[in-house]
Ligand code: NAP
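Residue numbers (the numbering used here): 4 to 278.
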């Protein structure tokens, strides 16, 4: 079966439309002139509009000094009309580790600050969790894929996808294992697991033919090709959708990630109300 993202996201958006009357605003620090980031920004705007939320864009030139960007982020932290903050990377030559703790943890839409990651990993409490990792779990839950006791393989160990997904699956009593570039015989691990999540950014890394009958494969990967994007999962035969469950790319995890972004913005707002 194809595990499509749209019905999952639609249900999440409907719940927000019913339950959140606030008009919230997401502030995005955006690398000026970056084509890919430009199209992500338009996508974010469309999703925010679905629930009456707003977008404020802070354009950042490639030559912006780190100190100036930091000052602007701290200004957005103090601005009561901005409820969540995202910094689109790469930006002004800076990386994830350099910028993440500039964001106020209560406005940390992507759950990337060391405060929020530390809280999540230390306590397991799912307060502000990276959107894509949460989207992968929302998909599995929506399609009622049994997680309790399931062997799960996560390919990728980044702070924004692979690692939080590990914690999320552990929270649901799955038995996750992490694979990365040094892992030997990836195909054997794929074959053994009921759940496989691949978040590597490597086209064709996991072959559907290696997956066990009835396995659920969540394809997080995004690889740009001539006519669009493809994931990390290679579907080796058209009939595979009858043998395994898998998320399409596009139309799978990415769609749900947008809906989680909206939920996280509401969580940010609630955290700001409570202080
Ligand atoms: P990342 O920081 O580059 O991490 C990639 C991870 O995959 C690393 O842990 C790396 O292992 C592992 N990996 C890469 N090639 C591998 C290989 N050949 N064999 C085994 N492991 C391999 O990337 P990320 O930010 O986590 O993103 C992962 C993918 O998800 C990317 O394609 C990204 O575009 C996509 N993504 C999608 C969404 C969405 O909404 N759908 C959102 C965010 C990201 P090492 O640690 O050993 O290097």
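Idealized CB from N, CA, C, for every residue including glycine.
(1) For the ligand NAP, any of its heavy atoms closer than 6 Å to the Cβ of residue 260?
(2) If distances are taken between C-alpha atoms only, which option among 146, 53, 162 comes closest to residue 117?
(3) How should residue 5 be labelled, buried or exposed, when 16 other C-beta atoms within 10 angstroms of its C-beta is the threshold for buried?
(4) Flag residue 96 as yes when its Cβ comes closer than 6 Å to any non-hydrogen atom of the ligand NAP, and as no otherwise.
(5) Just to confirm before moving on: does the CB-CB distance between residue 294 and residue 46 stay below 7 Å?
(6) Straight-line CA distance for residue 209 to residue 77?
(7) Tell me the DSSP secondary structure of residue 236 in three-state form.
(8) Answer with buried or exposed for residue 157, where buried requires no fewer than 16 other C-beta atoms within 10 angstroms of its C-beta.
(9) For residue 23, which three-state DSSP category applies?
(10) DSSP has residue 178 in a bridge; who is on the other side?
(11) Does any CB atom of chain D fall closer than 7 Å to the CB of residue 45?
(12) Measuring straight from C-alpha to C-alpha, what distance separates residue 211 and residue 83?
According to the data block:
(1) Residue 260: yes, Cβ under 6 Å from the ligand NAP.
(2) Ranking the options by Cα distance to residue 117, first place goes to 162.
(3) Exposed: under 16 other Cβ atoms inside 10 Å.
(4) At a cut-off of 6 Å, the beta-carbon of residue 96 does not count as near the ligand NAP: no heavy atom of the ligand is closer than that.
(5) Missing from the structure shown is residue 294; the chain here goes from 4 to 278 and no further.
(6) Whole-angstrom Cα-Cα distance: 41 Å.
(7) Reduced to three states, the DSSP call for residue 236 is strand.
(8) Classification for residue 157: buried.
(9) Residue 23 falls in the coil class under three-state DSSP.
(10) Looking at the DSSP assignment, residue 178 forms a beta bridge with 154.
(11) You won't find chain D in this structure, because it holds only one protein chain.
(12) Put simply, the backbone Cα of residue 211 is about 48 Å away from that of residue 83.
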